[in-house]
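J.: With our numbering as the guide, the letters of the sequence shown map in order to residues 6 to 451. Here a beta-carbon is modelled for each residue, glycine too, at the ideal position from N, C-alpha and C. Mind having a look at this structure? Questions to follow.
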Amino acid sequence: MKLQLINIRDAVVDTFWFLPALMALLAAGAALATIAIDSAVGDAWLRNTSWVWLGGPEGARSVLSVIAGSIMTVVSIVFSLTVTTLAQTSSHYGPRVLRNFTADRGVQFTLGTFIATFIYCLMVLRTVRSIENSFVPYISVNIGMLLALVSMAVLIYFIHHISQNIQAENLIANVGEQFLESLPVLFPEGIGRPSDNTCSEQLPDDSQWQAADIVLSAATGYVQVVDDEQLIKLATQHDLMLQLARRPGGFVTTTSTLLHVLPRAHMNPDIELQLRDCFSLGVHCTPHQDAKYMMQQMVEIGVHALSTGINEPFTALACIDWIGASLCGVARRELPMALRQDEHGRLRVIACTLDFEELTDTAFDQIRLYGARNPDVMLHLLKTIGDIASDVRRDSDRNALVRHAQLVGEDASQIVNLTDRLRVADRLQETLMTLVQSLRNEHEIT
Numbered sequence: 006m007k008l009q010l011i012n013i014r015d016a017v018v019d020t021f022w023f024l025p026a027l028m029a030l031l032a033a034g035a036a037l038a039t040i041a042i043d044s045a046v047g048d049a050w051l052r053n054t055s056w057v058w059l060g061g062p063e064g065a066r067s068v069l070s071v072i073a074g075s076i077m078t079v080v081s082i083v084f085s086l087t088v089t090t091l092a093q094t095s096s097h098y099g100p101r102v103l104r105n106f107t108a109d110r111g112v113q114f115t116l117g118t119f120i121a122t123f124i125y126c127l128m129v130l131r132t133v134r135s136i137e138n139s140f141v142p143y144i145s146v147n148i149g150m151l152l153a154l155v156s157m158a159v160l161i162y163f164i165h166h167i168s169q170n171i172q173a174e175n176l177i178a179n180v181g182e183q184f185l186e187s188l189p190v191l192f193p194e195g196i197g198r199p200s201d202n203t204c205s206e207q208l209p210d211d212s213q214w215q216a217a218d219i220v221l222s223a224a225t226g227y228v229q230v231v232d233d234e235q236l237i238k239l240a241t242q243h244d245l246m247l248q249l250a251r252r253p254g255g256f257v258t259t260t261s262t263l264l265h266v267l268p269r270a271h272m273n274p275d276i277e278l279q280l281r282d283c284f285s286l287g288v289h290c291t292p293h294q295d296a297k298y299m300m301q302q303m304v305e306i307g308v309h310a311l312s313t314g315i316n317e318p319f320t321a322l323a324c325i326d327w328i329g330a331s332l333c334g335v336a337r338r339e340l341p342m343a344l345r346q347d348e349h350g351r352l353r354v355i356a357c358t359l360d361f362e363e364l365t366d367t368a369f370d371q372i373r374l375y376g377a378r379n380p381d382v383m384l385h386l387l388k389t390i391g392d393i394a395s396d397v398r399r400d401s402d403r404n405a406l407v408r409h410a411q412l413v414g415e416d417a418s419q420i421v422n423l424t425d426r427l428r429v430a431d432r433l434q435e436t437l438m439t440l441v442q443s444l445r446n447e448h449e450i451t
């Protein structure tokens, strides 16, 4: 059920068409409602009202036709602007950030407003009669005029919204803020903590895992979501121990192993199908449980900025800032552990977890390689690593930062100017000293 809800949200709520379609349906319903009100109350009460439109049938048709025609022209302009923005964004910042635009509520609301206004006017226009039982839905026509004014205001908002979103600083900040907001989901605290020391003793040895049953993928694609709760439930229900071979973001084929299962004797085709259904596959990665995917969005923007065709180092520096802020958020959290027990303390699931070291590899490797000849980029990487040091609580995380600082120092040998190389060397020493000092401070606290 959890996977189904996530898939529905991903396929419906975060897509470009859902909100406009919903607003179009609401507009059709509103048109029917206002027409019914017009039929019920008539127009006598409007005669003494000076600020509303009170024309005849032909005037009503003209007003509604002009509004509908103008709105469709505006829709074509908005659609063209959106497609152009998507194309430029993809070529300038990378294809992964397109999801942020297609799921943008401002763009969806703008298109939905115009389509809703168009449908509303058409629905009202069909009820205007000038021969026999002349009928003009004055309330509906005036609401249509009001919607036209609202549409113009939304058009102004849309132009402002798009101009803000395509700015590199705002785009990077949006991705970074989404990462920080998603930390409780990406790295839930208190997950997989052994209740006692017997958890490690329950681990099967290599020979037992070699004899384990395997659950293969039924399709080819990326693992988008894994239903951890259902896996533990099934493992407890059928007295199984599961070892995950893939985590969200991994690519699988029909010959790829999803799970190793012990004991083999407890397995049957029905259980295998239920276990396989705990994995959701798709043609692309999603940010729901994949922290590396969200980090890759920022890295991709930075790498594009450092390419020779674009050459915008300040955009890359902004990416490094938000990458550092994201890693600080991860460093402060208690990361999920791989060993998952049931309520009775029995080991049921061995998860494939993402640790801080692997996330730093994703964050720093590509930017370091592409910016190796740029002293500003290398200096900023070292500064960011030093800033993260104050939030690090685990020695393994600190060792990962030390390793990346040393890699930056090694790659800085590609810098042409000797003075710049010396600046990087000095900053490297400062960063390493900061990491050592953070280790001392941590030991003093503990």
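Just tell me which of Tyr143, Cys126, Ser331 and Ser285 has its CA closest to the CA of Val230.
T.: Taking only the C-alpha atoms, the option nearest Val230 is Ser285.
J.: Here's a check: name, in chain order, each residue in its chain whose Cβ is nearer than 6 angstroms to the Cβ of Gln213, leaving out the five neighbours to either side.
T.: Cβ neighbours of Gln213 beyond the five flanking positions: none.
J.: Determine which residues share a DSSP beta bridge with Leu247 and list them.
T.: Leu247 pairs with Val266 and Val354.
J.: Which same chain residues, not among the five before or five after Cys333, have their C-beta less than 6 angstroms away from its C-beta?
T.: Hits under 6 angstroms: Ile393 and Asp396.
J.: How many Å lie between Thr122 and Ser75 at the Cα?
T.: Answer to the nearest angstrom: the Cα atoms are 10 angstroms apart.
J.: Counting beta carbon pairs with one atom in the segment 219-233 and one in the segment 366-383, are three or more of them shorter than 8 angstroms?
T.: No: the two stretches stay apart, fewer than three of their Cβ pairs being nearer than 8 angstroms.
J.: Met77 to Ala296, Cα distance in whole Å?
T.: The straight-line gap from Cα to Cα measures roughly 41 angstroms.
J.: Could you check the C-alpha separation between Ala362 and Arg403 for me, to the nearest Å?
T.: First, the amino acid is wrong: residue 362 is Glu here, not Ala. Going by the C-alpha atoms only, they are around 9 angstroms apart.
J.: Can you look up Thr20 in the DSSP assignment and give me helix, strand or coil?
T.: Of the three classes helix, strand and coil, the one that applies to Thr20 here is coil, per DSSP.
J.: With 16 other CB atoms within 10 Å as the buried threshold, where does Trp22 fall?
T.: Trp22 should be labelled exposed.
J.: Would you check if the distance between the CB atom of Ser135 and the CB atom of Thr39 is smaller than 8 angstroms?
T.: Cβ distance not < 8 angstroms, so Ser135 and Thr39 don't count as in contact.
J.: If you draw a straight line from the C-alpha of Val429 to the C-alpha of Ala108, how long is it?
T.: Each residue's Cα considered, the two are about 41 angstroms apart.
J.: Assuming Ala323 and Glu174 make a contact with CB atoms under 8 angstroms, what is their CB distance in whole Å?
T.: 6 angstroms between Cβ atoms; contact.
J.: Return the CA-CA distance between Val407 and Met28, expressed in angstroms with no decimal places.
T.: Looking at the two C-alpha atoms, the distance is approximately 53 angstroms.
J.: Beta-carbon within less than 8 angstroms of Gly149's beta-carbon, same chain only, minus the 5 sequence neighbours each way: which residues are those?
T.: Here the set comprises Val68, Leu69, Ile72, Thr122, Tyr125, Cys126 and Val129.
J.: How far does the alpha helix (DSSP H) with Ser285 in it reach, from first residue to last?
T.: First-last for Ser285: Phe284 to Gly287, but that is the beta strand (DSSP E), not the alpha helix (DSSP H).
J.: In whole angstroms, give me the CA-to-CA distance for Val180 and Met303.
T.: Approximately 7 angstroms, taken between the alpha carbons.
J.: Between the alpha carbons of Ala45 and Phe163, how many angstroms are there, rounded?
T.: Each residue's alpha carbon lies about 37 angstroms from the other.
J.: Which residue marks the beginning of the alpha helix (DSSP H) containing Val382, and which one marks its end?
T.: Where Val382 is concerned, the enclosing alpha helix (DSSP H) stretches over Pro380 to Ala394.
J.: Based on DSSP bridge pairs, tell me the residues matched to Arg345.
T.: Arg345 pairs with Val354.
J.: Report yes if the CB atom of Arg353 is closer than 8 angstroms to the CB atom of Thr241, and no otherwise.
T.: Yes; because the gap between Cβ atoms is below 8 angstroms, this pair is in contact.
J.: Which class does Gln456 belong to by DSSP, given the choice of helix, strand or coil?
T.: Because the chain in this structure spans residues 6 to 451, residue 456 falls outside the shown range and cannot be described.
J.: List the DSSP bridge partners of Phe256.
T.: Beta-bridge pairing links Phe256 to Tyr227.
J.: Got a sec, what are the start and stop residues for the beta strand (DSSP E) Ile219 sits in?
T.: From DSSP, the beta strand (DSSP E) with Ile219 extends over Asp218 to Leu221.
J.: Can you say whether Leu305 is buried or exposed, counting buried as having 16 or more other CB atoms within 10 angstroms of its CB?
T.: A small correction: the amino acid at residue 305 is Glu; Leu does not occupy that position in the sequence shown. Under this definition Glu305 is a buried residue.
J.: Using alpha carbons as the reference points, say which of Thr436, Arg131, Ser95 and Leu91 lies closest to Val112.
T.: Nearest of Thr436, Arg131, Ser95 and Leu91 to Val112, Cα basis: Leu91.
J.: Please go through the same chain and pick out, in chain order, the residues whose beta-carbon is closer than 7 angstroms to the beta-carbon of His243, but skip the five residues on each side of it.
T.: Excluding residues within five positions, the ones whose Cβ falls inside 7 angstroms are His271 and Ile276.
J.: Given Ser443, which residues of its chain have a CB within under 8 angstroms of its CB, disregarding the five upstream and five downstream residues?
T.: For Ser443, where only same-chain residues beyond five positions count, the Cβ hits under 8 angstroms are Ala394, Ser395, Val397 and Arg403.
J.: Distance, Cα to Cα, Ile355 vs Val308?
T.: If I take the Cα positions, the gap works out to 35 angstroms.
J.: For Val382, does the count of other Cβ atoms within 10 angstroms reach 16, so buried, or fall short, so exposed?
T.: Buried.
J.: Between which two residues does the alpha helix (DSSP H) containing Gln113 stretch?
T.: Its alpha helix (DSSP H) spans residues Arg110 to Leu130.
J.: Flag this pair as yes or no: are the beta carbons of Thr118 and Ser156 separated by less than 8 angstroms?
T.: Yes, the pair counts as a contact, with Cβ atoms nearer than the cut-off.
J.: Roughly how many angstroms lie between the CA atoms of Leu103 and Asn170, to the nearest whole one?
T.: Leu103 and Asn170: Cα-Cα distance of roughly 11 angstroms.
J.: Can you tell me which of the three DSSP states Arg399 falls into?
T.: The answer is coil: DSSP assigns Arg399 none of H, G, I, E or B.
J.: Over the uninterrupted alpha helix (DSSP H) stretch that includes Glu277, give me the two end residues.
T.: Residues Pro274 to Arg281.
J.: Going by DSSP, what residue range makes up the alpha helix (DSSP H) through Glu317?
T.: Neither: Glu317 is in no alpha helix (DSSP H) and is coded neither H nor E.
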